[in-house]
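Note that UniProt numbering has the sequence shown beginning at 1, numbered continuously upward. Taking it in order: structure first as C-alpha cells, then the write-up.
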Amino acid sequence: MEALAVASLTGNILQFIEFTSRMISSTHQISAAGSKKEHLELETIAEELRRSSRIINTQRLSDNVEPDSEADNTLAQISKQCIDVTDQLLAALNFIKRKSGASKAKNFYQALKSEWKAGEIEALQRRVDRIGDALNRHLMTSRQEQISFKLDQLAGENFRLQAGRADDIAHLTGRLEVFFAEMRYGSPVAEPEHLPPSAIFLETAERGAQYSIEQVVLKKLRFSAIDERYDTIPSAHSDTFSWIFKPEDQDVAAPSSFLEWLTSTDDLYWISGKPGSGKSTLMKFLCTHEVTKHKLCQWAHGNRTRSPNACHDSDYSEEEDRLLLGDFFFWNAGKKSLQKSQEGLLRALIYQILPCDLLQPSRARLCLFIDGLDEYEGKPSDIIGLVNDIRSIKNVKICVSSRPWNEFEQSFGQDRPQKLCMQDLTKEDIRKYVCDILDNDKNYQNLEEKDREGKELIAEIIEAAQGVFLWVVLVVRSFQEGLINGDRIVDLQTRLRDLPKDLNDYFEKILLSDVDDFYRPQSARMSAATLHAQQRLPLMAYWFLDQQDPEYALKLEVAPLDLQKMSLRLEQTRKRLNACCKGLLEVQSIFAFQNMDSPSSGFWFNQKVDFLHRTVQEFLLSPKTEAFLADWASSQTADMHIGICNALLPLIKIVSPEQKYFEHAGGVNEVLQSLFLHAKVLHDTQEYMNDDFLMRLLNNIDATLVEHGRKIGERVYTRALLGIQGLESISRHFTARITTFLGICIMFGLTRFVENKLNSAAESGDTTTTGQLPALLRLALSSSNYTMVKMLLQKGANPNSSFEESGKGAHPFIDERGTIWALYIRNLYRRQEDTIMFYSSVPFEVSQRRFLCIQELLKYGAPPDIVIRGHGDNSQNVRQLVREVLAPEHMAVLEHFFSGSQEGSKQDDGGKVQRQKISRRKSLWAIFERIWRR
Numbered sequence: 001m002e003a004l005a006v007a008s009l010t011g012n013i014l015q016f017i018e019f020t021s022r023m024i025s026s027t028h029q030i031s032a033a034g035s036k037k038e039h040l041e042l043e044t045i046a047e048e049l050r051r052s053s054r055i056i057n058t059q060r061l062s063d064n065v066e067p068d069s070e071a072d073n074t075l076a077q078i079s080k081q082c083i084d085v086t087d088q089l090l091a092a093l094n095f096i097k098r099k100s101g102a103s104k105a106k107n108f109y110q111a112l113k114s115e116w117k118a119g120e121i122e123a124l125q126r127r128v129d130r131i132g133d134a135l136n137r138h139l140m141t142s143r144q145e146q147i148s149f150k151l152d153q154l155a156g157e158n159f160r161l162q163a164g165r166a167d168d169i170a171h172l173t174g175r176l177e178v179f180f181a182e183m184r185y186g187s188p189v190a191e192p193e194h195l196p197p198s199a200i201f202l203e204t205a206e207r208g209a210q211y212s213i214e215q216v217v218l219k220k221l222r223f224s225a226i227d228e229r230y231d232t233i234p235s236a237h238s239d240t241f242s243w244i245f246k247p248e249d250q251d252v253a254a255p256s257s258f259l260e261w262l263t264s265t266d267d268l269y270w271i272s273g274k275p276g277s278g279k280s281t282l283m284k285f286l287c288t289h290e291v292t293k294h295k296l297c298q299w300a301h302g303n304r305t306r307s308p309n310a311c312h313d314s315d316y317s318e319e320e321d322r323l324l325l326g327d328f329f330f331w332n333a334g335k336k337s338l339q340k341s342q343e344g345l346l347r348a349l350i351y352q353i354l355p356c357d358l359l360q361p362s363r364a365r366l367c368l369f370i371d372g373l374d375e376y377e378g379k380p381s382d383i384i385g386l387v388n389d390i391r392s393i394k395n396v397k398i399c400v401s402s403r404p405w406n407e408f409e410q411s412f413g414q415d416r417p418q419k420l421c422m423q424d425l426t427k428e429d430i431r432k433y434v435c436d437i438l439d440n441d442k443n444y445q446n447l448e449e450k451d452r453e454g455k456e457l458i459a460e461i462i463e464a465a466q467g468v469f470l471w472v473v474l475v476v477r478s479f480q481e482g483l484i485n486g487d488r489i490v491d492l493q494t495r496l497r498d499l500p501k502d503l504n505d506y507f508e509k510i511l512l513s514d515v516d517d518f519y520r521p522q523s524a525r526m527s528a529a530t531l532h533a534q535q536r537l538p539l540m541a542y543w544f545l546d547q548q549d550p551e552y553a554l555k556l557e558v559a560p561l562d563l564q565k566m567s568l569r570l571e572q573t574r575k576r577l578n579a580c581c582k583g584l585l586e587v588q589s590i591f592a593f594q595n596m597d598s599p600s601s602g603f604w605f606n607q608k609v610d611f612l613h614r615t616v617q618e619f620l621l622s623p624k625t626e627a628f629l630a631d632w633a634s635s636q637t638a639d640m641h642i643g644i645c646n647a648l649l650p651l652i653k654i655v656s657p658e659q660k661y662f663e664h665a666g667g668v669n670e671v672l673q674s675l676f677l678h679a680k681v682l683h684d685t686q687e688y689m690n691d692d693f694l695m696r697l698l699n700n701i702d703a704t705l706v707e708h709g710r711k712i713g714e715r716v717y718t719r720a721l722l723g724i725q726g727l728e729s730i731s732r733h734f735t736a737r738i739t740t741f742l743g744i745c746i747m748f749g750l751t752r753f754v755e756n757k758l759n760s761a762a763e764s765g766d767t768t769t770t771g772q773l774p775a776l777l778r779l780a781l782s783s784s785n786y787t788m789v790k791m792l793l794q795k796g797a798n799p800n801s802s803f804e805e806s807g808k809g810a811h812p813f814i815d816e817r818g819t820i821w822a823l824y825i826r827n828l829y830r831r832q833e834d835t836i837m838f839y840s841s842v843p844f845e846v847s848q849r850r851f852l853c854i855q856e857l858l859k860y861g862a863p864p865d866i867v868i869r870g871h872g873d874n875s876q877n878v879r880q881l882v883r884e885v886l887a888p889e890h891m892a893v894l895e896h897f898f899s900g901s902q903e904g905s906k907q908d909d910g911g912k913v914q915r916q917k918i919s920r921r922k923s924l925w926a927i928f929e930r931i932w933r934r
C-alpha cells in the first residue's frame, strides 16, 4: 500500500476517533442547529473514510504496487470498523433530530442514554477506544517506517531535482516524529502548533501528494545532462573580468554598457567573441556574480534603491516585484541532443522557473543567460527566432553569447550599444593570467633575466594572442615544458614566435610535432575513443583501452583492484594521456575530494576525460585530421566501439564489492549505461550482425553482476541495472533475474541478444525464461519497440495473455480479462497527456512506432472490439482510444481491422505513410509563454 494513501486513511481514522469521542462525551451539548452541522461533519468523515478505503483497495489490486497483505488487511479492517460505527452514529443523530425537533440545547449523551439500551453507549466508547488502540499498535509496528521512508524519498528527490521543498518536507517529517514520540513514550511532546493527530496525517498525505506531483512534472522536464556543460566550464581566473562591472567613467563605453543594461529596460545584451576567447567562462561568471544579481534586483524593483540583499530580504512583502534568474549553456560537443537543441533549452528554462510557487508573473522579472548560440544544432535563424520570441514577453531580458557569425551580427549587433566583443577587452586578463602562472613557476622565477626581458615576453604574448584566451593557455603550458628543460627567456621568445597563431594550426602542430612518433597509435586511439564515446569515459577506462589482448576484458576475473595499484594506474594513465595528446584531452573531476592521495575504490568513477575545448573536437573531426589519425591507428583499433566496450567492462569487475557503488548514481549504473549504449551501436552495425562479440559481452556483463550479487547480496544485481538513467520506473515489470537482464536489453533495443536467449531457453527446456514472455512483451510495448514486439510475438508471446501469466493480478480498470493488449492501449492513452505536454499533437515518429506495434498485435489476434473501462462509468472501446493516440494517416491504415472489412490498406510493415511535421518546440514554447504570462 502506498505510504501517502496510508497517511491519508490514518488521518481519516484519527479524525473519526476524535469526532466520535467528542460526540459521545457525557458533557457534549447538541441543538437542532448543532445537530445539522455535526450530521454534515459526520457524513463528511464517513465519505472520506470510504473514499480512502476505495483508493487503498484499488492499489492493493493494482499491478503497480507490491501488497503488504497482513498490514494492509489490518488497516482495511480498522477502516471498516470506523465506517460501521459512523453509520451507527448517523442513525442516532437522525433519530434524535426527528424526535426532538427543538432548538433547545440538549446533552447528546443523555439523548442517547434515553433511547439506547443500558450499556450500549459505554460499549460504543470501548469500541472506539479499541479502534484507537489498534491503530496506534498498527502505526508503531507497521507504518512509521513506511511513511518516514516515503518522506525521505521525497526529500531525496527534492534535493536531486532542486525543487525548493526541503523546508516544507522537513516540517512534515518533524511533526510526524513528534506524534510518534508521544505514542512511544506516552506523554505529550512540546508541539507549538498543537495540531490534532488527524490533522498531522491528513496534511502529510495532502502535501506529500502535492510534492510528488510536482516532482513528477520536474522529472519529465529534467534530463541527465542538464547541468553537465555548466559544470565543465572552468571558473574565471582570479581577478579577471572585473572590467565588465566598472562604471562608465572608469573604462571604455562597451563593457560599461553591460552594467547599465542590467538596470535598464533594454531586453537584450549580446556577448560575441572568437573561438576560445572565453565567452562561456564569462557567462558562467556573470550569471552567478553578486553584482549581477544586485543590479538586476534594482531593475526588478523599478530601479528603486535596495540593499544588495533586497531580493531575499524579508522586510519586503511577497507582493513586491520579484527577480528570477535562468540559464542554459548550449554544448555542441555534448553527447546528448538535448544539450544542443531548442527542446533542451526550453525544458531547462521551464524546469528552473516552474518550482517558484510564489511566482506572480504580472509582477515578477526574469533574466536569462543563454550561452553558445553558435553551438545550437539547427539553423542560426531558428535559435534567433526563439530568442526574439522570448524578448517579446514583458518583464524578460536576455543575455546571449555566440561567435560573431553574420546571422547573429545582423540580429543582435550592428549599431546596438548593448554588446561587447571579448577579444577587444581581455588584454589585462591575459596579462594577469600569464603573470600569475609564471610567478608561481619555480623554474621561471630562477631565471636571472626575468625582470628585464620577462615584461617584453608577456607583452609579446598578449599581442600575439589577439584576445584568444585558449591560445594563451596552450602557450603557457608550452613555456612550462620548456622551463623544465632549462629554457631561457630568449628560448621562450623563439618558441613563442614559432607557434602558430591560428588554433587549428596550433592543434595540428601539437599532434604532428609535439607528440612523439612512438605515441601516435595511442594518440589516435585515445582521440577516437573520446570522439566516439556515447558518454564521457572515466580516466581508468583509458588504462584498459591500452591493453593489447582483445580478450583481456572478457577473461578478467571479478575482483576488486587494490587501492594502491588503482592510484598508480590512474597516475600512469594521466601521464600517458598527456604524453599522447599533449593537453588536447584533459581529466575533469566531477566531485572534489579532500584526500587525493588515498582515494576510495570508487574514486575513478568521478574522473572523466573530455576535450580541452570545443575547438579541439572540431579540429579532430575535420577530414584532414581524421585522415592522419586513421594512418596512425593500428588494425587492432579499427573498431572503436568494441575497444570502448573492452575498456568499460573491466570497470564493473574491479569495483570494490560495496553496495554504495551499485546504488543509483553510485558509479556502476553509469558505466553499465555506457556499455549498453555501445552494445546498441554494435547491434545496429551491419558488419557485426553475425559477430559473436556482442553476445559474449552481454553474457559477461550478466555474469559479472551475478558474481557481485553473490558477494554483496542479490539486490545489488537489480539495483545496478535499474539504477541506469531513465529505467528506474520499470522495475514492476520484473519478476525474475533473467527478466531483469533481458528487460534491460529490451529497453536498449538489443533484439538479437534477446532472441538468442529465448532460442537457447526453448532448446534446453528452460521454462523459467520462456515463461517470462508476457512480461517481456509488456516491457517491449512500454517503449513501442516494433522490432522487439514482432520478434516476441513470433516466439509465442500472446497479446491476450492475462496478467496472471506475467506474475500479477488483473488490473481493476482493464477489461475483465486483464490482457496485455488492453493494458498497452490504456497506457498509450494515459501517456498521451505527456506527449501533448511536449508536442502540439502526436508526432509522426511516435505515431509510427505505435502504429506498427498495434498493427502487429492485431495480426496476432488482439481483439479490436473490447471495451476498456476506467474509473467510475468512464469506458471506451479500443477503436476510440487508438484514434486518440495515433496520427490520422496511421489510423486510416488500421480502420479495416476495426470495421471487420477485409478491404482497406494492404500496406506491409515497411510501407510509408505520408508524414506530417509536428513541432515539439512550438508546444514547449507555448508552455513557457503560458507560465510567464499567466
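Note that CB positions come from ideal geometry on N, CA and C, so glycine has one too.
Just so you know, the alpha carbons of Arg826 and Leu537 end up roughly 40 Å apart. Put simply, of Arg222, Leu584, Asp451 the residue whose alpha carbon is nearest the alpha carbon of Ile510 is Leu584.
Here Arg520 is buried, its C-beta having at least 16 other C-beta atoms within 10 Å. By the neighbour-count definition (other C-beta atoms within 10 Å, threshold 16), Arg452 is an exposed residue.
Assigned with DSSP and collapsed to three states, Pro888 falls in helix. Contact between Val842 and Ala887 holds: CB atoms are separated by about 5 Å, below the 8 Å threshold.
When the beta-carbon positions are compared, Phe412 and Tyr376 stay at least 9 Å from each other. Look at Asn877 here: in three-state DSSP terms it is strand.
Of Phe241, Gly454, Lys455, Arg495, the smallest CA-CA separation from Leu474 is found for Arg495.
Beta bridge pairing from DSSP links Val587 with Val609. Taken through DSSP and simplified to helix, strand or coil, Leu325 comes out as strand. Measuring C-alpha to C-alpha distances from Trp243 to each of Ile398, Pro197, Leu338, Glu428 identifies Glu428 as the nearest.
Between Pro650 and Leu503 the beta-carbon gap is near 36 Å, outside 8 Å, which marks them as no contact. Residue state for Lys246 is assigned as coil, using DSSP reduced to three classes. Ala647 places its beta carbon less than 9 Å from that of Ala553. In the structure shown, Trp270 adopts extended strand secondary structure according to DSSP, grouped into three states.
Pairing Pro404 with Leu366, the inter-Cα distance amounts to about 26 Å.
The DSSP assignment places 365-371, 396-402 as complete runs of the beta strand (DSSP E) inside the segment 350-406, in order along the chain (cut-off: 3 residues). Using a Cβ distance threshold of 9 Å, Leu373 and Ile384 count as a contacting pair. For the pair of segments examined, the segment 663-678 was found not to touch the segment 613-625: the number of CB pairs separated by less than 8 Å stays below three. A straight line joining the alpha-carbon of Gln564 with that of Trp604 spans about 13 Å. Thr685 and Leu345 have their C-alpha atoms spaced approximately 32 Å apart. In the three-state DSSP reduction, Leu675 falls in the helix class (H, G or I). When C-beta atoms of the segment 769-778 are compared with those of the segment 786-800, three or more pairs fall below 8 Å, so the two segments count as touching. In the three-state DSSP reduction, Ile868 falls in the strand class (E or B). Between Leu894 and Ile866, the CB-CB gap reaches or exceeds 9 Å. Segment contact: the segment 258-278 against the segment 418-427, three or more CB-CB distances shorter than 8 Å; contact assigned.
Proximity to Leu282 across Lys295, Ser875, Pro234, Gln493 peaks at Pro234, based on C-alpha coordinates. A straight line joining the alpha-carbon of Ile462 with that of Lys653 spans about 49 Å.
It is roughly 58 Å from the alpha-carbon of Phe258 to the alpha-carbon of Asp549. When Ala465, Lys501, Asp441, Glu508 are compared, the shortest CA-CA separation from Glu481 is found for Asp441. Counting of Cβ neighbours within 10 angstroms places Glu290 among the exposed residues, the total staying below 16.
Arg127 is positioned such that its CB atom lies closer than 9 Å to that of Val85. Distances from the CA of Glu663 to each of Asn94, Ala225, Arg883, Arg719 were compared; the closest alpha carbon is that of Arg719. Below 8 Å, enough C-beta pairs join the segment 332-345 and the segment 215-232 to call them touching: three or more. When only Cα atoms are considered, Gly749 and Leu694 end up about 13 Å apart.
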